[in-house]
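In the working numbering, the protein residues as written are 19 to 470. We put the CB at the ideal spot given by N, CA and C, even for glycine. All values reported here derive from a predicted model rather than from experimental measurement. Working notes, structure below.
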Amino acid sequence: MTHIAPPAGGPSLPQRRHLATEIPGPLSRELFERRQRSVARGLSHVLPVFVTAAGGGVLVDVDGNSLIDFGSGIAVTSVGNSADLVVTRVTDQVAQFTHTCFMVAPYEGYVEVCEQLNRLTPGDHEKRSALFNSGAEAVENAVKIARHATGRDAIVVFDHAYHGRTNLTMAMTAKNMPYKEGFGPFAGEVYRVPMAYPFRWPGGPARCAAEALDVVTSLIHAQVGEENVAAVVIEPVQGEGGFIVPPDGFLPGLAEFCHRHGIVFIADEIQSGFCRTGDWFACDHENVVPDLITTAKGIAGGLPLAGVTGRAELMDAVHPGGLGGTYGGNPVACAAALGAIETMEKEDLADAARAIEATMLPRLRTLAEATPAIGDVRGRGAMLAVELVRPGTTEPDAAAAATVAKTCHAAGMIVLTCGTFGNVLRLLPPLVIGQPLLTEGLDILADAFAAL
Ligand SMILES: *Cc1c(COP(=O)(O)O)cnc(C)c1O
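Set out below in C-alpha cells:
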C-alpha cells in the first residue's frame, strides 16, 4: 500500500480540520483488515482511523485526514501530543539510558517525579509517592497500602465507578458490560454504595449531597462496619461511569466521615487530575485533602506512568520490598512526566481548562435548551459531558449518544461516549487546543444534535 508521507507531529502540526477522504478512508480500512487478522477481537476502537501524526488539537491519519481531537486519548494528552518539553526530555533520556529498574539501581528522574507529586497534590502534610505503569496498577497499590497500614480488609467503592481492568480493579469497577462480563470470579471484600449523582438522585439534585452522604455512611455502618473498612475509594469526578460530578458538600462530608473512623480516603484522580478539571486536581475544588491519591493518564504526555501519593505514615507503613514492579517509574516515562508537568506550569493549563469550560459550557447549555434529548450538561474544566435521554424522561438513550458520536466522527471530529448506560457524550479536548478548533468542534456537535 502507498502511504502519504506523514507530516511531523507535535505542536507545529497545522491546526485545522481537513477531510481528504471519507472517514475512515481507504488506507485506514486496509490497515483495519490487517488488524482484524492479527489483533485480538477483545480490543475495540472508537474510530478506526490509523494515526500517523498528532499535536495540539488534531490527529492526522494515513489517508491525510486531519481530525479535531475532543478525546485526548481518554484524557491523556492534556499537554498535547508530542509536546515540545516532553519530546526534548524523552529524547535526551532515551539516548542516556532506558531502564535500570528502580529496585535494582535508582535514578534521579524517579525521585524528581515523586517530589513533584508530593508538591502538587492536595495538602501540605509530609508525603511519599510510588510510581507504577498504569492507572489500574496504581489503584491496586493504593489498596495494598491502605490495607497494610490499617490492618483492615474492606474496600468501599461507588455505583458508576471505574478503577481499571485487573482482577481487583474489575471488582471495584461498577459496569458489567464490557469490563467484567465473563471475567470473574472477582476479588472479595469490595462493597459498593450509591453515588451522589444529582441528575438521577431520587430526591432531586438539591437534596442529593445530604441524602447521599446519609445513605452511604448508613450502609457502611450497617453492612460493613466502619472498623472493618480499610479505604473508601472515589473518583472526585467520575470518568467512565458518566462524568458524574458530586454536589458540593458530598466529598468533604465523605472525607470527614473517613477521618473520624480511621478509614483511608483514596481519591482516584487518574482521569480528573493534572489540570483537567481546571485545578491541579479535582479535589482542590472543595479543598478536600485525600489520604492517598492515584494519578496516571494526564501525568506524562502519553507515556505510561502512574503514581500513588499520600501521607508519609501510610505510605511508609509498608516494609521495604513490599511495593514495586519491573518497569514502574521507567526513566523515559519519568522524563516525559517532568516535561508534561513543566508544560502545565509554564502554560498554566489549569487556567486553559477553565477557559475551555468558559467557551464550551454556555454553548452546551444553549444546545440543551434547544434539544429535548439532552437531559443534563455537566462537568468542570475540560472534562465536560452531555447526557442523552428519551425526551421528557430521564430514561437513558444510548442509541442517540452513539448516533451523535458517529455523526461527529464522519465530520472529522473524535468524541467519546461513556456512562453506565452508555448514553453520555464526553468532551475531553487537549488543554492546548486553540480557540478556532474548539469553536469548530462545538459547531460540529451542534449540527450533529440538530440532525438527531
Ligand atoms: C482510566 C482509569 C483507570 C485505569 O487506568 P489504566 O491506565 O487504564 O489502567 C482507573 N481509574 C480511573 C478513574 C480511570 O479513568
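Cβ-Cβ distance between residue i and residue j below 8 Å
i: I317; j: L310; result: no
i: A93; j: T312; result: no
i: T389; j: N136; result: no
i: I163; j: V336; result: yes
i: R234; j: P212; result: Per the sequence shown, the amino acid found at residue 234 is Val instead of Arg. In this structure, P212 lies closer than 8 Å to V234 by Cβ.
i: A417; j: V433; result: no
i: F150; j: G343; result: yes
i: G482; j: I86; result: A query on residue 482 cannot be resolved here, the shown segment of the chain reaching from 19 to 470 and no further.
i: R278; j: H143; result: no
i: V161; j: L138; result: no
i: I374; j: L460; result: no
i: I262; j: H178; result: yes
i: F201; j: M431; result: no
i: A300; j: V255; result: yes
i: S84; j: R35; result: yes
i: E253; j: D286; result: yes
i: A230; j: A214; result: yes
i: S152; j: A38; result: no
i: K198; j: M190; result: no
i: I41; j: V67; result: yes
i: A368; j: C276; result: no
i: G257; j: Q289; result: yes
Cutoff 6 Å; reference residue i; Cβ partners in own chain excluding five residues on either side
i: H239; result: none
i: L402; result: M378, L445
i: L456; result: T377
i: L321; result: A351, A354
i: G437; result: G260
i: Q111; result: P349, V350, A353
i: I5; result: No statement about residue 5 is possible, as the shown extent of the chain runs from 19 to 470 and does not include it.
i: T361; result: V97, A101, L103
Other residues of its chain near residue i: CB distance less than 8 Å, five sequence neighbours each side excluded
i: A464; result: R381, L385
i: L61; result: none
i: Q453; result: T377
i: L341; result: A148, N159, K162, I163
i: P29; result: G73, G74, G98, S100, A101, D102, V450
i: P32; result: P25, V76, S84
Whole-number beta carbon distance between residue j and residue i, since they are thought to touch under 8 Å
i: G397; j: A371; result: Not a contact, Cβ separation roughly 10 Å.
i: A355; j: V131; result: 5 Å
i: A466; j: T425; result: 4 Å
i: G141; j: V307; result: 4 Å
i: R218; j: T412; result: 6 Å
i: E405; j: G260; result: 7 Å
i: A148; j: M333; result: 7 Å
i: Y128; j: G291; result: About 19 Å; that fails the 8 Å criterion.
i: N441; j: P414; result: 4 Å
Beta-carbon proximity list for residue i, same chain, < 7 Å, skipping 5 on both sides
i: T70; result: P24, V78, D79, V80
i: D319; result: This sequence places Gly at residue 319; Asp is not what is there. Cβ within range, chain order: T95, V97, A101, V104, A354, G357, A358.
i: D266; result: A227, E304
i: M19; result: For M19, the predicted model reports a pLDDT of 49, less than 50, meaning its position is unreliable and no value from the coordinates is stated.
i: L470; result: A391, A418, T421, V422
i: D171; result: R165, E207, N246, A248
i: C119; result: T344
Residue i: CB within 7 Å of a non-hydrogen atom of ligand 2
i: H178; result: Ligand 2 is absent from the structure shown, which contains only ligand 1.
Open item on the list: Report the start-end ranges of each beta strand (DSSP E) in the region 398-463 that is 3 residues or longer and not cut off at the edges.
Closed with: 401-406, 434-436, 442-445
TODO: Specify whether the region 245-253 and the region 164-178 touch according to this definition: at least 3 beta carbon pairs, one from each stretch, less than 8 Å apart.
DONE: yes
Task: beta strand (DSSP E) runs contained entirely in the region 343-383, provided each spans 3 or more residues - done: none
Open item on the list: I'd like the ranges of any beta strand (DSSP E) spanning at least 3 consecutive residues and lying wholly in the region 171-248.
Closed with: 172-176, 208-211
- [ ] Mind listing, in chain order, the continuous beta strand (DSSP E) runs of no fewer than 3 residues lying wholly within the region 103-146?
- [x] none
Open item on the list: As an exercise, report each continuous alpha helix (DSSP H) stretch of at least 4 residues that is fully enclosed by the region 248-304, in chain order.
Closed with: 268-278
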